[in-house]
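Line by line, the protein sequences are chains A and B. Start counting the first sequence at 219; every next residue gets the next number (this note's numbering). Start counting the second sequence at 10; every next residue gets the next number (this note's numbering).
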Amino acid sequence: MWAYTLRRIALGIVVLLGLTLVTFLIARVVPSDPAARWMGPRATAEQIGAARVKLGLDKPLYVQYLRYMADMARGDLGTSIRTHQPVRKDLAAMLPATVELVVVGMVLAVLVGIPLGVLSAMFRDSPMDHLGRVVSVTSVSLPTFWLAMILQLVFFKSLGILPLADRVDSIIKLTYPLRPGTGFYLLDSLLQGNWPFFHSTLAHLMLPAVTLAAYPAGLVARMIRSSMLEVYQEDYIRLGRAFGFSESLITFRYALRNALAPALTVIALTFAYSLGSTFLVEAVFNWPGMGKYAADAVTTADYPAIMGVTIFIAALYVALNILVDIAQAVLDPRVQLS
Amino acid sequence: MAEPQRLPLLEIRNLSLEFATPLGPVYALNLGGLDLYPGEVLGLVGESGSGKSLTASTVLGLLPSRRARVTSGQVLFDGRDLLRATPAELQHIRGRDISMIFQDPMAALNPVFPVGEPLLRILRLHRGLRPAEARHEALRILDEVQIPDPAAILRRYPHELSGGQRQRIMIAMAIAGGPRLLVADEPTTALDVTVQEQVIRLLQALQRAHGTAVLFITHNMGVVARLADRVAVMYGGDVVEVAPVAELFSAPRHPYSRLLLDAIPRVSARRERLPAIGGEVPDLRRRPVGCAFAPRCPLVTARCLSERPSLSAAGARQVACFHPLAAGDSRTEALA
Numbered sequence: 219m220w221a222y223t224l225r226r227i228a229l230g231i232v233v234l235l236g237l238t239l240v241t242f243l244i245a246r247v248v249p250s251d252p253a254a255r256w257m258g259p260r261a262t263a264e265q266i267g268a269a270r271v272k273l274g275l276d277k278p279l280y281v282q283y284l285r286y287m288a289d290m291a292r293g294d295l296g297t298s299i300r301t302h303q304p305v306r307k308d309l310a311a312m313l314p315a316t317v318e319l320v321v322v323g324m325v326l327a328v329l330v331g332i333p334l335g336v337l338s339a340m341f342r343d344s345p346m347d348h349l350g351r352v353v354s355v356t357s358v359s360l361p362t363f364w365l366a367m368i369l370q371l372v373f374f375k376s377l378g379i380l381p382l383a384d385r386v387d388s389i390i391k392l393t394y395p396l397r398p399g400t401g402f403y404l405l406d407s408l409l410q411g412n413w414p415f416f417h418s419t420l421a422h423l424m425l426p427a428v429t430l431a432a433y434p435a436g437l438v439a440r441m442i443r444s445s446m447l448e449v450y451q452e453d454y455i456r457l458g459r460a461f462g463f464s465e466s467l468i469t470f471r472y473a474l475r476n477a478l479a480p481a482l483t484v485i486a487l488t489f490a491y492s493l494g495s496t497f498l499v500e501a502v503f504n505w506p507g508m509g510k511y512a513a514d515a516v517t518t519a520d521y522p523a524i525m526g527v528t529i530f531i532a533a534l535y536v537a538l539n540i541l542v543d544i545a546q547a548v549l550d551p552r553v554q555l556s
Numbered sequence: 010m011a012e013p014q015r016l017p018l019l020e021i022r023n024l025s026l027e028f029a030t031p032l033g034p035v036y037a038l039n040l041g042g043l044d045l046y047p048g049e050v051l052g053l054v055g056e057s058g059s060g061k062s063l064t065a066s067t068v069l070g071l072l073p074s075r076r077a078r079v080t081s082g083q084v085l086f087d088g089r090d091l092l093r094a095t096p097a098e099l100q101h102i103r104g105r106d107i108s109m110i111f112q113d114p115m116a117a118l119n120p121v122f123p124v125g126e127p128l129l130r131i132l133r134l135h136r137g138l139r140p141a142e143a144r145h146e147a148l149r150i151l152d153e154v155q156i157p158d159p160a161a162i163l164r165r166y167p168h169e170l171s172g173g174q175r176q177r178i179m180i181a182m183a184i185a186g187g188p189r190l191l192v193a194d195e196p197t198t199a200l201d202v203t204v205q206e207q208v209i210r211l212l213q214a215l216q217r218a219h220g221t222a223v224l225f226i227t228h229n230m231g232v233v234a235r236l237a238d239r240v241a242v243m244y245g246g247d248v249v250e251v252a253p254v255a256e257l258f259s260a261p262r263h264p265y266s267r268l269l270l271d272a273i274p275r276v277s278a279r280r281e282r283l284p285a286i287g288g289e290v291p292d293l294r295r296r297p298v299g300c301a302f303a304p305r306c307p308l309v310t311a312r313c314l315s316e317r318p319s320l321s322a323a324g325a326r327q328v329a330c331f332h333p334l335a336a337g338d339s340r341t342e343a344l345a
C-alpha cells in the first residue's frame, strides 16, 4: 500500500513539473509585454526598460524559468501585474471563498446523486427510475448561468426566502464581525460561536451551491445507476440472493461498494473541475472567489496570476487523482496489483 | 439410494419457463416432473442448453434474467411451493434449507470483500450466531472443508486464493446454514483437473457426513458415475430419463441417453472418431408438439412427432419415450 501511494505521488510530481514548463512557455510567447503592463499606460520607454530588468524579463528564457521554479520552491508564485500583490497572497485571500462554495456544492451533489442513482437502479423501470432519469438529465443539461438566474428569481424575488448574492449579509458583517481565521466563513463562524454570521453565510451559500451541484449531482446519479445495474448482473450478487440476503443488504452493503469505485473518479474530477470553473457561478452571485480572480487575470494578461491559478488548480487535480487512486485501492484491493 | 416409499424432499411438477425476446418467447423449460429424495444425490445431466442450470436456478427462485418468466408449474420443497413463496419466505429458506454452489467461484465471490465476510454473515443470519460464535464456527467449517490456516484465509480476498481454495470457501458457505438440499451447479467445471478430483472427494465426504440431498448438475458423466445415486437426463428443457446411476450406464432406455453415453470418450476403446449425435439441438422458439428429441432420433415414428411422451415409471426407472430400449434390444446395435 505504501509503495503504491509513493509511486502515485512521484508520478504526480513529474506531471506537475511538465505542466509548469508548458504554462511558463505559453505565458511567455503570447504577444503582450508584461513590463509595459506593469508600468501602466503612461510609462516611458526607459521606465518600461527598467521594469523589464526588475522583473527579470531581459534574461534568457531558461534562466527565467529556473528563477521562476526556484521562487516557487520557496512558495513564491511571483507578483501580480494587475494588483502588484504577491500572487500567493491574492490566492490565499480568494481561495477559501471558492473552496467553501465548491465543497458545499459537492457534498450536496453526492448526497443527492448517490441515493438517486441507487434508487433508480433498485427500482429499475419503475416511476422512481423515470423520475430519477428526468431529474438527472435535466440537471446535467441546464446551463449554469441560466439555472443561477432562475434560482435567484424564484428564491429571492418571488419567495423572498434566500439572499440574492454575496458571501454574507453586509450588515451582519458589520454588526457581528468575524475575527480573522481560516477564511472559511462557515468554519470560522462555527468555531467562534458567531451564530448570526453562520446563518447568514449558510443562507448565502444555498443558491450558488445548488447551482454548482446540479451538474455533478446528475452525473453522479447516472454513473451510480449504470454501475449498479452492471453490478446487479454479477454472480456475487446472485450469490447473495441465493443465500437469503435481503435486497437492501445486497444493495447497500455489497453492490454499492462495487459500484462506487468508478463513480468515485467522476466525483473527484468534477470536484477539481468545479474549482477551476466556478467563474460563471461566482459572477452571477458576486462571489469573491478564485474564478473571478482568474478571469480578471486573463483579461489583463496578468501572467504571474494566470500561472499561479493554473498551477494551483493543476496541483489540486493531481492531488485529487492520487487520493482517488488510493481510495480505489482501499475499496477494491485488486487495484494495487495492476 | 432413495427408498421409494419416502416422501420426496423436492418435487418439480410441470415447470414451464419462457424468455421474452424481441423474436417472441423462447420456451426454455418444459419439465414434466422430477423428484429428489432426502439424503440422495441426483445427477442432472444433459448437453449445453438442455436446461440443467436453469432448473437449478429456478429451484432457488433465482431467474437468470428479467426476461425470464415461469408460466406454470410447481417447485415443492417439503410440500411447500417455492414459486409462490413470498420474498421474505424465500430469504428464510435460501442459504438455510437450500443452498447453492456456483460454477465459477471467482465470479461468485465479491472481489472487494474478504472471503470470510459472506461466510460469517450466513452464520449470523441463518444460525443466529453472535459475531464471536460465528467466527468460531466459521473456523470449524473451513477446517471441515480442508482449508489450511483458516484464521488467515478468512481475511483474504478472492484474488489472493487459488481456484481450489475459492471453491472450498464456496462449499463452506453452502454447508454453513446446515441445508437439507444442496444445489451444485457444475461445481468442478471451472477448476483444474487435479483440483476437480479433490473437490469431488470433499463433496462426497461432506455429503456422507451430513446426509444432505444434492442436486448435482454437470455434463461430466464421469463425475456423475462417482457421486450420484440416481441420474436424470435432460433434453430440450425436459427430463427424458431417470434411473439409478449403475442402471443408466449399463442399460440406458431412452435413445438420447444411449447416444449421450456413446459420446463419452473412453481410453480403452481406441476409436478413430467419437460418435456424435446427428442433427441439431431443438429450436426452443417453437413449442414442441411431440417428443423434443424426435427430429434427431433414429427410432422416430409418426407418433413421436404428434404426441408428447410423458415420464412413466417402470420399477425404479422412468423414461419418457414411446419406444424405450430394453436390455439386449436388437435396435441398440442400430443406434451405435
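Note that CB positions come from ideal geometry on N, CA and C, so glycine has one too.
Would you say residue i faces chain A, with C-beta separation under 8 Å as the test?
i	result
residue 351 of chain B	Beyond the ends of chain B as shown, which are 10 and 345, falls residue 351 of chain B; an answer cannot be given.
residue 168 of chain B	yes
residue 138 of chain B	no
residue 11 of chain B	In this prediction, residue 11 of chain B has a pLDDT of 47, which is less than 50 and means its spatial position is unreliable; what the coordinates show is noted afterwards. No, residue 11 of chain B lies away from the interface with chain A (no Cβ there is under 8 Å from its Cβ).
residue 163 of chain B	no
residue 108 of chain B	yes
residue 131 of chain B	yes
Smallest Cα separation from residue i: which of the options?
i	options	result
residue 335 of chain B	B:260, B:177, B:224, B:317	B:260
residue 526 of chain A	A:298, A:271, A:378	A:298
residue 425 of chain A	A:329, A:320, A:314	A:320
residue 75 of chain B	B:30, B:190, B:287, B:320	B:30
residue 302 of chain A	A:343, A:257, A:315	A:257
residue 52 of chain B	B:187, B:241, B:134, B:99	B:241
residue 254 of chain A	A:448, A:317, A:275, A:236	A:275
residue 46 of chain B	B:189, B:209, B:329, B:122	B:189
Is residue i close to chain B? Criterion is C-beta to C-beta, closer than 8 Å.
i	result
residue 545 of chain A	no
residue 448 of chain A	no
residue 339 of chain A	no
residue 222 of chain A	no
residue 552 of chain A	yes
residue 538 of chain A	no
residue 229 of chain A	no
residue 443 of chain A	no
Output the boundary residues of the beta strand (DSSP E) element that contains residue i.
i	result
residue 78 of chain B	77–86
residue 249 of chain B	247–253
residue 219 of chain A	Per DSSP, residue 219 of chain A belongs to no beta strand (DSSP E) and is neither H nor E.
Using a cut-off of 7 Å between C-beta atoms, extract the partners of residue i located in chain B.
i	result
residue 549 of chain A	121
residue 385 of chain A	None at all; the shortest Cβ gap to chain B is about 41 Å.
residue 475 of chain A	121
Does any residue of chain C bring its CB to less than 8 Å from the CB of residue i?
i	result
residue 135 of chain B	The question asks about chain C, but that chain is absent: this structure's protein chains are A and B.
Where does the unbroken alpha helix (DSSP H) through residue i begin, and where does it stop?
i	result
residue 193 of chain B	Here residue 193 of chain B belongs to no alpha helix (DSSP H); instead the beta strand (DSSP E) covers 190–194.
residue 283 of chain A	279–291
residue 301 of chain B	Segment: none, residue 301 of chain B is in no alpha helix (DSSP H) and carries neither H nor E.
In chain A, what lies closer than 7 Å to residue i by C-beta?
i	result
residue 111 of chain B	453, 457
residue 105 of chain B	462
residue 100 of chain B	462, 464
residue 184 of chain B	Residues of chain A passing the Cβ test: none, with the nearest at roughly 12 Å.
residue 69 of chain B	460
Give me the chain A residues within the contact set of residue i, using Cβ-Cβ distance strictly less than 9 Å, ordered along the chain.
i	result
residue 127 of chain B	454, 457, 458, 461, 463, 472
Anything in chain A within Cβ reach of residue i, meaning under 8 Å, just list it in chain order.
i	result
residue 346 of chain B	This structure gives no information on residue 346 of chain B, because the portion of chain B shown stretches from 10 to 345.
Q) Would the segment 193–211 of chain B and the segment 156–165 of chain B be scored as touching if the rule is three or more Cβ pairs under 8 Å? A) No contact exists between the segment 193–211 of chain B and the segment 156–165 of chain B.
Q) If we count Cβ pairs, one from each stretch, closer than 8 Å, do we get three or more for the segment 89–100 of chain B versus the segment 152–161 of chain B? A) Flag = no, the segment 89–100 of chain B and the segment 152–161 of chain B do not touch.
Q. Does the segment 479–489 of chain A come close enough to the segment 122–135 of chain B to have 3 or more Cβ pairs within less than 8 Å?
A. No, the segment 479–489 of chain A is not in contact with the segment 122–135 of chain B.
**Q.** Meets three-Cβ-pair contact criterion under 8 Å: the segment 280–293 of chain B and the segment 235–248 of chain B
**A.** Contact holds: three or more Cβ-Cβ distances are below 8 Å.
Q: Please confirm if the segment 23–43 of chain B is in contact with the segment 71–89 of chain B, defined as three or more CB-CB distances below 8 Å between the two stretches.
A: When C-beta atoms of the segment 23–43 of chain B are compared with those of the segment 71–89 of chain B, three or more pairs fall below 8 Å, so the two segments count as touching.
Q. Would you say the segment 438–448 of chain A touches the segment 348–362 of chain A, given that touching needs at least three Cβ pairs under 8 Å?
A. Yes, they touch.
(Q) Check whether the segment 501–521 of chain A and the segment 220–233 of chain A are in contact - that is, three or more C-beta pairs closer than 8 Å. (A) Contact between the segment 501–521 of chain A and the segment 220–233 of chain A is absent: fewer than three C-beta pairs spanning the two stretches fall below 8 Å.
Q. Can you find at least 3 beta carbon pairs, one from the segment 228–243 of chain B and one from the segment 297–313 of chain B, that sit closer than 8 Å?
A. Contact fails: fewer than three Cβ-Cβ distances are below 8 Å.
Q: Answer yes if the segment 106–121 of chain B comes into contact with the segment 454–473 of chain A, meaning at least three C-beta pairs across the two stretches below 8 Å, and no otherwise.
A: In short, these stretches touch, since the Cβ pair count reaches three.
**Q.** the segment 463–482 of chain A in contact with the segment 360–371 of chain A per 3-pair CB rule at 8 Å
**A.** At 8 Å Cβ cutoff, the stretches do not touch.
Q: Could you say if the segment 494–514 of chain A and the segment 270–285 of chain A meet the contact criterion of at least three C-beta pairs nearer than 8 Å?
A: No, the segment 494–514 of chain A is not in contact with the segment 270–285 of chain A.
Q.
Measuring CB atoms only, is the segment 529–545 of chain A touching the segment 409–422 of chain A, in the sense that at least three cross pairs come out at less than 8 Å?
A. Segments in contact, no.
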